[in-house]
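Worksheet for the structure shown next.
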Amino acid sequence: MNGGATGLQGLRIFVVEDEALVAMNLEMMLEELGCAVVGPAMRFDAAEAMLAEGVAVDAAVLDVNVGGRPVFPLAERLAAAGIPVVFATGYGREGLAEGWATRPVLQKPYLAADLARALRRALAD
Amino acid sequence: MADVNFERLFDALSSPHMVIDREWRFVAANAAYERVTMRRREELMGRGLFELFPNEGEGGRRLKASFSRVFETGETDTVAFIPYDIPRPEAQGGGMEKRYWTATHIPIRDAGGAVAFLMQNTVDVTDIVRLREAANLPFRSGETQLLERAREAEEQHRALMAESADFRRLFQQAPGFFAVLSGPDHVFTFANDAYARLVGERALVGKPVREALPEIEGQGFLEMLDAVYASGEPAGGEAMRVMLRRTPGQPLQESFLDFSYDAIRDAHGRITGVFVQGMDRTETVRTQRRQRLLLDELNHRVKNTLASVQSIASQTLRSAPDLATARRSFEARIMALSNAHNLLSREEWSSAELRTLLDNGLAAYDESRLELDGPAVMLTPKASIAVALVVHELATNAAKYGALSNDTGTVGLRWRVAAAGEGLSVEWRERGGPPVSPPTRRGFGSRIIEGFVAGELGGTCDVDYAPEGFSCRLALPGDAVLGVWR
Chain A
99 MNGGATGLQG LRIFVVEDEA LVAMNLEMML EELGCAVVGP AMRFDAAEAM LAEGVAVDAA
159 VLDVNVGGRP VFPLAERLAA AGIPVVFATG YGREGLAEGW ATRPVLQKPY LAADLARALR
219 RALAD
Chain B
8 MADVNFERLF DALSSPHMVI DREWRFVAAN AAYERVTMRR REELMGRGLF ELFPNEGEGG
68 RRLKASFSRV FETGETDTVA FIPYDIPRPE AQGGGMEKRY WTATHIPIRD AGGAVAFLMQ
128 NTVDVTDIVR LREAANLPFR SGETQLLERA REAEEQHRAL MAESADFRRL FQQAPGFFAV
188 LSGPDHVFTF ANDAYARLVG ERALVGKPVR EALPEIEGQG FLEMLDAVYA SGEPAGGEAM
248 RVMLRRTPGQ PLQESFLDFS YDAIRDAHGR ITGVFVQGMD RTETVRTQRR QRLLLDELNH
308 RVKNTLASVQ SIASQTLRSA PDLATARRSF EARIMALSNA HNLLSREEWS SAELRTLLDN
368 GLAAYDESRL ELDGPAVMLT PKASIAVALV VHELATNAAK YGALSNDTGT VGLRWRVAAA
428 GEGLSVEWRE RGGPPVSPPT RRGFGSRIIE GFVAGELGGT CDVDYAPEGF SCRLALPGDA
488 VLGVWR
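Protein sequence lines, in the order shown, are assigned to chains A and B.
Those letters in the first sequence? Residues 99 to 223, per the numbering used here, in order.
Those letters in the second sequence? Residues 8 to 493, per the numbering used here, in order.
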């Protein structure tokens, strides 16, 4: 995929994903879309620490379950900072907590095109 | 009691009663008997029954046999459906009218205990016979037929009594719960064993539902009972949730019931109560919930595994020089992942033992060139998969460029846990291979090691490309380790 054609090039994307292989693939997809990856944070406390320090990002892709902990407290902090959020999960939309059900969701496994679509939707909302 | 005049009481009984002695002569008869036989008492007393009312047919023989049985055995006997014609009053057209009777013969003992008299109570069952005839069309008339039926009826009566007891036992012990509630307050008049188990073996009979099961107030059931009692319309539910005290003195427990409420009506169609029946579905509902959870978890795991496989595929393809190499690398990585899954599923995804993981992952290599040393360590599922894939990448690399690429090199693999609750350190040290130089680019293998150890497990990974041999030191945090045996 050509980074110049995605409409996402140059964006900084915060990634929280607890599976190393999945995180690596997501990182690769984002790079192909022309995005810069912040993270990936693979553990809840690591993600929390990064947020506490303050991350300058345009959007975030969050795994719903991070090492057995729901990601929603992190999603709330990002949303409060006005940062659009895309969820990624093996559970599908049913896995989303109340209040988040209308946000873009990526059902694992997903393609780069699905990721691009979800990010564009999140940024447009 | 002294004031009761038994003679007047006998006379006042509305159905015909009479008493005969051992010679079957009348010694007493009440007013109802006088009416149906159209004989006055003075005409009856002292006279033989069959002298006054000759009965040479089958009916007479059955009556005589019954009298003999009562006088011999001292037990009550019943003769059902005896045909006996009586004269029709002139006002109703005169002539004879065919009527049917059921007679009950009760022994009356003297002071010495011997059966001295027999009391007969007759009930006019003509209407019942006519109903039976109507119900048994086509009906062949004739007394023989009827008598056959009479015998049948007596047998049925006896069978019914036995059956009724059987039915009660059946209801009592049935796996479903049954209860009979009576009146507008829903008073328990019957509750079987299953019902008693459902409510912690509480005493129910004689109590209104509200009093017997106070915890169901406000759960909608009393309102349903009231509605069924008022309207006669049945009601019920499937897998309905109810909080019940299933053990005395214990908190209420969530239960799920399939049940129905049906109105009970008397002979006139008036509602007298509610019949409750149902099944306790609590275990089924719980099992279904557990299965739902397991299925969700399985689905989640499958999707995540597919995402991992997707990642291995796309990154292997990206970094391989040609398709044949890509295919071999891809298959080997999938097998490493699959081996780790096998070990975990053997332990129901609770843990895997490090030594077993390493033995499995290195099974393809010459044992004599591997030196494994360390305590028995149980790893979490996450750490198990990480270690399996990391060791796979290290071994593949050694076979390609390092100590396992010639005939003499060796790999030492040592692991230690400093103290319980502390992290695990693993050292991979290659010796005797070709001279080592640092790689020019970072491949998928080293990214896997970095990603799993530093990223996923929150540990550290130090690699050293010393000329005498590659080495790698991994430090995994304490939460990757479930237990250690030295």
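Using N, Cα and C, we set each Cβ at its ideal position, and we do this for glycine too.
Bear in mind that the values here come from a model prediction, so they are computed numbers and not experimental data.
Just mark residue i as buried or exposed, buried being the case when its beta carbon has 16 or more other beta carbons within 10 Å.
i	result
Met-140 of chain A	buried
Val-187 of chain B	buried
Phe-146 of chain B	Any reading at Phe-146 of chain B needs caution, since the residue's pLDDT is 39, under 50, leaving its predicted position unreliable; the model's value is listed next. With fewer than 16 Cβ atoms within 10 Å of its Cβ, Phe-146 of chain B is classed as exposed.
Ala-142 of chain B	Interpretation of Ala-142 of chain B is limited by its pLDDT of 44, a score under 50 that renders its predicted location unreliable; no figure is taken from the coordinates.
Ala-487 of chain B	buried
Asp-366 of chain B	exposed
Val-491 of chain B	buried
Leu-177 of chain B	exposed
Met-45 of chain B	exposed
Thr-104 of chain A	buried
Met-127 of chain A	buried
Pro-171 of chain A	exposed
Phe-13 of chain B	exposed
Arg-325 of chain B	exposed
Ala-214 of chain A	buried
Val-394 of chain B	buried
Glu-150 of chain B	With a pLDDT of only 48 at Glu-150 of chain B, under 50, the local geometry of the prediction cannot be trusted, and no value is derived from it.
Let me check one thing: in DSSP terms, what residues is residue i bridge-paired to?
i	result
Val-132 of chain B	Partner(s): none; Val-132 of chain B has no beta bridge.
Glu-437 of chain B	B:Val-418
Tyr-472 of chain B	B:Phe-477
Arg-377 of chain B	Strictly speaking, residue 377 of chain B in this sequence is Leu, with Arg absent from that position. Paired residue(s): B:Val-418.
His-275 of chain B	Beta-bridge pairing links His-275 of chain B to no other residue.
Tyr-268 of chain B	B:Ala-242 and B:Val-283
Trp-108 of chain B	B:Ile-89 and B:Asp-131
Met-342 of chain B	Paired residues: none, contrary to the question.
Ile-113 of chain B	B:Met-126
Measure from the alpha carbon of residue i to the alpha carbon of each residue in the options, then state which is nearest.
i	options	result
Ser-189 of chain B	B:Ala-201, B:Ala-203 and B:Val-235	B:Val-235
Glu-41 of chain B	B:His-24, B:Ala-246 and B:Leu-264	B:His-24
Arg-217 of chain B	B:Asn-199, B:Phe-195 and B:Ala-201	B:Phe-195
Pro-474 of chain B	B:Arg-421, B:Gly-465, B:Ala-410 and B:Asn-346	B:Ala-410
Glu-115 of chain A	B:Ala-347, B:His-399, B:Ala-314 and B:Val-470	B:Ala-314
Glu-129 of chain A	A:Phe-112, A:Glu-117, A:Val-203 and A:Pro-207	A:Phe-112
Glu-304 of chain B	A:Gly-190, A:Arg-201 and A:Val-155	A:Gly-190
Glu-146 of chain A	A:Glu-174, A:Leu-119 and A:Met-127	A:Glu-174
Val-135 of chain A	A:Val-155, A:Glu-117, A:Met-148 and A:Phe-142	A:Val-155
Ser-478 of chain B	B:Val-433, B:Arg-277, B:Met-45 and B:Ile-89	B:Val-433
Tyr-202 of chain B	B:Glu-222, B:His-193, B:Ala-172 and B:Arg-253	B:Arg-253
Arg-288 of chain B	B:Arg-296, B:Phe-17, B:His-307 and B:Asp-265	B:Asp-265
Leu-401 of chain B	B:Asn-413, B:Gly-55, B:Val-418 and B:Met-126	B:Val-418
Ser-112 of chain B	B:Arg-204, B:Tyr-91, B:Gly-102 and B:Ala-87	Reading the sequence as shown, one finds His at residue 112 of chain B and not Ser. Answer by Cα proximity: B:Ala-87.
Val-199 of chain A	A:Leu-209, A:Thr-187 and A:Tyr-208	Contrary to the premise, residue 199 of chain A reads as Ala rather than Val in this sequence. The option with the nearest alpha carbon to Ala-199 of chain A is A:Thr-187.
Ala-370 of chain B	B:Pro-442, B:Gln-295, B:Ala-347 and B:Gly-207	B:Ala-347
Thr-133 of chain B	B:Gly-66, B:Glu-104 and B:Arg-116	B:Glu-104
Residue i and residue j look like a contact to me (Cβ under 8 Å); what is the Cβ gap, rounded to whole Å?
i	j	result
Pro-388 of chain B	Trp-356 of chain B	6 Å
Val-184 of chain A	Ala-220 of chain A	5 Å
Lys-310 of chain B	Gln-107 of chain A	Actually they are not in contact, since the Cβ atoms of Lys-310 of chain B and Gln-107 of chain A sit about 29 Å apart, beyond 8 Å.
Leu-194 of chain A	Val-162 of chain A	7 Å
Leu-123 of chain A	Ser-321 of chain B	The identity of residue 123 of chain A in the sequence shown is Asn, whereas the question assumes Leu. Indeed, because the Cβ distance is near 6 Å, the residues count as touching under 8 Å.
Tyr-483 of chain B	Leu-464 of chain B	Going by the sequence as given, residue 483 of chain B is Leu instead of Tyr. About 5 Å separates the two Cβ atoms, so the contact holds.
Ala-343 of chain B	Gly-368 of chain B	6 Å
Phe-185 of chain B	Gln-257 of chain B	Not really, about 24 Å apart at Cβ, beyond 8 Å.
Ser-262 of chain B	Leu-251 of chain B	5 Å
Leu-70 of chain B	Ala-110 of chain B	7 Å
Gly-476 of chain B	Glu-437 of chain B	4 Å
His-399 of chain B	Arg-334 of chain B	Actually they do not touch by this definition, with Cβ atoms about 16 Å apart.
Val-36 of chain B	Ser-22 of chain B	The sequence shown places Ala at residue 36 of chain B, not Val. Not confirmed; about 12 Å, so no contact.
Trp-422 of chain B	Leu-377 of chain B	Actually they are not in contact, since the Cβ atoms of Trp-422 of chain B and Leu-377 of chain B sit about 13 Å apart, beyond 8 Å.
Ile-89 of chain B	Gly-66 of chain B	4 Å
Which residues of the segment 127 to 140 of chain A have a Cβ closer than 7 Å to any Cβ of chain B? Give them in chain order. Pro-138 and Met-140
Members of the segment 417 to 437 of chain B that neighbour chain A once the beta carbon cut-off is set at 8 Å: none
Closer than 9 Å between beta carbons: that is the criterion. Which residues of the segment 445 to 458 of chain B meet it against chain A? Phe-451, Arg-454, Ile-455, Glu-457 and Gly-458
Closer than 9 Å, Cβ to Cβ, to anything on chain B: give me those residues from the segment 142 to 161 of chain A, in chain order. Asp-143 and Ala-144
May I ask you to list, following chain order, the residues of the segment 320 to 334 of chain B that have a beta carbon less than 7 Å from some beta carbon of chain A? Ser-321 and Gln-322
What residues in the segment 258 to 276 of chain B bring their beta carbon closer than 9 Å to a beta carbon of chain A? none
Chain-ordered residues of the segment 105 to 124 of chain A with a beta carbon less than 7 Å from chain B: Asp-116, Glu-117, Ala-118, Leu-119, Val-120, Ala-121, Met-122 and Asn-123
Given a limit of 8 Å on CB to CB distance, which residues of the segment 196 to 207 of chain A reach chain B? Gln-205, Lys-206 and Pro-207
Determine which residues of the segment 300 to 312 of chain B have a Cβ less than 8 Å from any Cβ of chain A, and write them out in chain order. Asp-303, Asn-306, His-307, Arg-308, Val-309, Lys-310 and Asn-311
Identify each residue in the segment 463 to 486 of chain B for which the Cβ-Cβ distance to at least one residue of chain A is less than 7 Å, and report them in chain order. Glu-463 and Gly-465
Select from the segment 393 to 409 of chain B all residues with a C-beta closer than 9 Å to any C-beta belonging to chain A, and list them in chain order. Ala-393 and Leu-396
Check distances from the C-beta atoms of the segment 165 to 197 of chain A to those of chain B and list, in chain order, the residues that come in under 9 Å. Gly-165, Ala-186, Thr-187, Gly-188, Tyr-189, Gly-190, Glu-192 and Gly-193
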